[in-house]
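Visitor:
Protein chains: 2
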Amino acid sequence: MLQRLTVVGVGLLGGSVAKAARAEGLAREVIGVGRDLARLDGARQDGTLDRITTDLADGVRGADLVVLAGPVATIERQLDAVAAAAGGETVVTDVGSTKAGIVAAAARVARTRPFAFVGSHPMAGSEKSGYADARADLFRGATVVVTPAETTEVRVVKSVSAFWESLGARLVTMDAAAHDRAVAAISHLPHLVACALVDAVLRFEPAALGLAARGFRDTTRIAAGDPVMWRDVFLANRDAILGALDALDAAVAELRGEIEGRDGAALESALARIAVARRSVS
Amino acid sequence: MLQRLTVVGVGLLGGSVAKAARAEGLAREVIGVGRDLARLDGARQDGTLDRITTDLADGVRGADLVVLAGPVATIERQLDAVAAAAGGETVVTDVGSTKAGIVAAAARVARTRPFAFVGSHPMAGSEKSGYADARADLFRGATVVVTPAETTEVRVVKSVSAFWESLGARLVTMDAAAHDRAVAAISHLPHLVACALVDAVLRFEPAALGLAARGFRDTTRIAAGDPVMWRDVFLANRDAILGALDALDAAVAELRGEIEGRDGAALESALARIAVARRSVS
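Chains as they are written, first to last, in my numbering: chain R, 199 to 480; chain X, 199 to 480.
1. Let me know the beta strand (DSSP E) ranges lying completely inside the segment 289 to 331 of chain X, each 3 residues or longer, listed in chain order.
2. Straight-line CA distance for T204(X) to A374(X)?
3. Check each residue of the segment 413 to 425 of chain R: if its Cβ is closer than 9 Å to any Cβ of chain X, include it; give the result in chain order.
4. Given that M321(X) touches chain R, what residues does it touch there, using C-beta distances under 8 Å?
5. The alpha helix (DSSP H) that contains L443(R), what's its start and end?
6. Among the candidates A445(R), V316(R) and R412(R), whose CA atom is the shortest distance from the CA of T291(R)?
7. May I ask which residues mark the beginning and end of the beta strand (DSSP E) holding T251(R)?
8. Please classify T246(R) as buried or exposed, where buried requires at least 16 other C-beta atoms within 10 Å of its C-beta.
9. In the DSSP assignment, the beta strand (DSSP E) including R226(X) goes from what residue to what residue?
10. Here's the rule: buried if 16 or more other CB atoms are within 10 angstroms of the residue's CB, otherwise exposed. What is K356(R)?
11. Check whether the Cβ of A216(X) lies closer than 7 Å to any heavy atom of the ligand GTP, and answer yes or no.
12. Is DSSP giving V264(X) helix, strand or coil here?
13. If you count every other CB in all the chains shown that lies within 10 Å of the CB of G213(X), and 16 or more means buried, which is it?
14. What are the start and end residues of the beta strand (DSSP E) that includes L369(R)?
15. DSSP on T204(R), reduced to helix/strand/coil?
16. Which residues of the segment 394 to 407 of chain R have a Cβ closer than 9 Å to any Cβ of chain X? Give them in chain order.
17. Whole angstroms is fine: what's the gap from E222(R)'s alpha carbon to S364(R)'s?
18. For V370(R), go through chain X and note every residue whose CB falls closer than 8 Å to its CB, in chain order.
19. Specify the secondary structure class of V479(R) as computed by DSSP and reduced to three states.
20. Pull out every residue of the segment 432 to 446 of chain X whose Cβ sits closer than 7 Å to any Cβ of chain R, in chain order.
21. Could you have a look at T350(R) and say whether DSSP puts it in helix, strand or coil?
22. Kindly list, in the order they appear in chain R, the residues whose Cβ is closer than 7 Å to that of G462(X).
23. Check whether the Cβ atoms of G268(R) and Q276(R) lie closer than 8 Å to each other.
24. Just the C-alpha distance for S287(R) and E456(R), rounded to the nearest angstrom, thanks.
25. Along chain X, in chain order, which residues have C-beta atoms closer than 8 Å to that of T349(R)?
26. Between which residues of its own chain and A406(R) is the CB-CB distance below 8 Å, once the five residues before and five after are set aside?
27. Could you name the residues of chain R that V381(X) contacts, counting a contact when the two beta carbons are closer than 8 Å?
28. Kindly list the residues whose CB is nearer than 7 Å to the CB of G209(X), restricted to its own chain and excluding five residues on each side of it in sequence; keep chain order.
29. Counting contacts by CB-CB distance shorter than 8 Å, is L211(X) in contact with chain R?
30. Compare the beta carbon distance of R436(X) and R460(R) with 8 Å and say whether it is the shorter of the two.
31. Kindly indicate which three-state DSSP category T418(R) falls into: helix, strand or coil?
32. Would the beta-carbon of A392(R) fall within 8 Å of that of R477(X)?
33. Note down the Cα distance separating A445(R) from V270(X), rounded to an integer number of angstroms.
34. Taking C-alpha atoms, which residue in E348(R), A305(R) and V358(R) lies nearest to D262(R)?
35. Please name the residues in the segment 330 to 355 of chain X whose beta-carbon is closer than 9 Å to at least one beta-carbon of chain R, in chain order.
36. Tell me which same chain residues have a C-beta within less than 6 Å of the C-beta of G232(X), skipping the five on either side of it?
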């Protein structure tokens, strides 16, 4: 039981953290920090937050746990002020979907003052991004990656891991660089590909959108996601994404070559190999 | 009310046609034609089919409506025998997902004997392909494209259109070439992209499959589809697909260039334009 949980950025993920902590009775007091009191007020009125503030230091001070849930670039900018207000006792984590930049920034801060930080990435969410879609069960069954650095204290890793587990998540621990490469492949590349696919239809045959069936809708659903959030993700994880894009180009080129050369045997064998791999993903 | 409906190929689509016609009371007798009596027998035992046969001519003869529901290459091969058995009165359609090859083959047949054929493409289905997943409501709310040629008689178009509409489908009429270009964009390219995306993860970071969340699963769901069916689709619609792949390459290259050059403004504007287009698809 936490005395005080502070969520900075009360959108889909931050709002879901607050709702889930409330639903599980994990915190006596839940504080929400945001830029706009009027937008935060709904979460106070519905009982998810006990107190709201636009003052980051005021919201963070005295909390047992702080969850930074703004965009990746915002989290990086907030770390120094959060560390200053939090002191060494308050445990701090974040929900940013790329970790190397945030973890490096946190390590820089920790060289100047005590900072009990470990990065997290809950692999949950959707094409929605606002508090209106926040859900108490968003993390139930989801994977959360926790990314300790060499200098992270074990007690910090344990307390953040326990928090996510008490929201129903499955924990995976890896370092920030390995995390960023893995999510480039399994999360950022799919988003980029979904966007490119929508754009390809617009370039090739826009009228075909009128024939969209379930296949197209599922394959491109995430392309409706928030452009600002995804711009930040793509730039924050640039190097790993460029590597994943090389792999995509090679995969497309192989299939194209088999179609172009009417090589039915090679095409069937590639499609069969891929279908087996896809079916292995639950 | 048809006296006799014959479905050739009782898999997901053919089985669903038979089940839907049965559920709507559209045919007094429903006959199933397949290569393997043992595999057809389930559909007879569950009451979907009245009679089953492996003899194409026997199954087709005397039907009011024949629906060819095998793979595209099989349909093309069957047309001459079907026309010979059907005569000029029996109306024939198919469910193949590419139409130029089938419509051209049907036109060749029709120059030698009477053949009341028009192509159809129900934009329904899933990554499944067998009778076990056939459903009486598969076509409810689905789009069915009907592709008359210059020489197709209006009565044939009308009777096939009325059949699909009575199964709950929304009808779109276009010529076979326009259809093939549209489905290259909205159906075949998404399938190819989903396959390439799975393959890219296997090439770049196979361990990342363990972190797959909803975004990856939705984006790649169709990559689990039947390799033989999709091999045939890709080869049958080769030229339009190669054109759509050029558009994909251009779309990927634009996004890659913006990420590589750290051009946040251009990247955000591209993602915003794409998100708006995606949200316009219901």
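Every residue, glycine too, gets a C-beta built ideally from N, C-alpha and C.
Guide: The short version:
1. 289 to 292 and 317 to 320
2. Position 6 of the second sequence, counted from the start, is the residue given in the question as residue 204(X). Position 176 of the second sequence, counted from the start, is the residue given in the question as residue 374(X). Approximately 24 Å between the Cα atoms of the pair.
3. G413, F414, R415, D416, T417, T418, R419, I420, A421, A422, G423, D424 and P425
4. Position 123 of the second sequence, counted from the first residue, corresponds to residue 321(X). Those are L409 and A411, listed as they occur along chain R.
5. Here residue 443(R) corresponds to residue number 245 of the first sequence, with the count starting at 1. L443(R) -> alpha helix (DSSP H) spans R436 to E458.
6. For the purposes of this step, residue 291(R) is identified with residue 93 of the first sequence, where counting begins at 1. Comparing Cα-Cα distances from T291(R) to each of A445(R), V316(R) and R412(R), the minimum goes to V316(R).
7. For this step, residue 251(R) is matched to residue 53 along the first sequence. From DSSP, the beta strand (DSSP E) with T251(R) extends over R249 to T251.
8. For this step, residue 246(R) is matched to residue 48 along the first sequence. Buried: at least 16 other Cβ atoms inside 10 Å.
9. In the second sequence, residue 226(X) corresponds to position 28, counting from 1. Looking at the DSSP string, the run of the beta strand (DSSP E) that includes R226(X) is A225 to V231.
10. Walking along the first sequence from the start, residue 356(R) turns up at place 158. Burial call: exposed.
11. With respect to the ligand GTP, the structure offers nothing, as it holds no ligand at all.
12. Mapped onto the second sequence, residue 264(X) falls at position 66. Note: V264(X) maps to strand in three-state DSSP.
13. Looking up residue 213(X) in the second sequence gives position 15. Result: buried.
14. Within the first sequence, numbered from 1, the residue matching residue 369(R) stands at position 171. Here the beta strand (DSSP E) through L369(R) covers R368 to T371.
15. On the first sequence, residue 204(R) is found 6 positions in, with the first residue counted as 1. Strand, per DSSP.
16. A394, L395, V396, D397, A398, V399, L400, R401, F402, E403, P404, A405, A406 and L407
17. Here residue 222(R) is taken as the residue at index 24 of the first sequence, counted from 1. Here residue 364(R) is taken as the residue at index 166 of the first sequence, counted from 1. If you take the alpha carbons of E222(R) and S364(R), they lie about 8 Å apart.
18. Looking up residue 370(R) in the first sequence gives position 172. The answer, in chain order, is G408 and L409.
19. As a working note, residue 479(R) is residue 281 in the first sequence. Coil, per DSSP.
20. F432, L433, R436, I439, L440, G441, A442, L443, A445 and L446
21. Taking the first sequence and counting its residues from 1, the one referred to as residue 350(R) is at position 152. Coil at T350(R), not helix or strand.
22. Position 264 of the second sequence, counting from 1, holds the residue named residue 462(X). Within 7 Å Cβ-Cβ: R429 and L433.
23. Indexing the first sequence from 1 puts residue 268(R) at position 70. Indexing the first sequence from 1 puts residue 276(R) at position 78. Yes, the pair counts as a contact, with Cβ atoms nearer than the cut-off.
24. Here residue 287(R) refers to the residue found at position 89 when the first sequence is read from its first residue. Here residue 456(R) refers to the residue found at position 258 when the first sequence is read from its first residue. Reading off the sequence, residue 287(R) comes out as Glu, not Ser. Distance between the alpha carbons of E287(R) and E456(R): 60 Å.
25. Start at 1 with the first residue of the first sequence, and residue 349(R) comes out as number 151. Here the premise fails: no neighbours, minimum Cβ distance about 25 Å.
26. Residue numbering aside, residue 406(R) sits at position 208 when the first sequence is read from its first letter. Excluding positions up to five away in sequence, the list reads V399.
27. Counting from 1 along the second sequence, the entry for residue 381(X) is found at position 183. Within chain R, the residues near V381(X) are A406 and L409.
28. By 1-based counting over the second sequence, the position of residue 209(X) is 11. Excluding positions up to five away in sequence, the list reads A267, S327, G328 and Y329.
29. Numbered from 1 along the second sequence, position 13 holds the residue referred to as residue 211(X). No, no contact with chain R.
30. Position 238 of the second sequence, counting from 1, holds the residue named residue 436(X). Position 262 of the first sequence, counting from 1, holds the residue named residue 460(R). Their beta carbons are under 8 Å apart, which means R436(X) touches R460(R) by this criterion.
31. Start at 1 with the first residue of the first sequence, and residue 418(R) comes out as number 220. T418(R) falls in the helix class under three-state DSSP.
32. Along the first sequence, one-based indexing puts residue 392(R) at 194. Along the second sequence, one-based indexing puts residue 477(X) at 279. Cβ atoms of A392(R) and R477(X): not closer than 8 Å.
33. Taking the first residue of the first sequence as position 1, residue 445(R) is located at position 247. Taking the first residue of the second sequence as position 1, residue 270(X) is located at position 72. Between A445(R) and V270(X), the C-alpha separation is close to 31 Å.
34. Within the first sequence, numbered from 1, the residue matching residue 262(R) stands at position 64. It is V358(R).
35. A340, T341 and V343
36. Here residue 232(X) corresponds to residue number 34 of the second sequence, with the count starting at 1. Excluding positions up to five away in sequence, the list reads V208 and L238.
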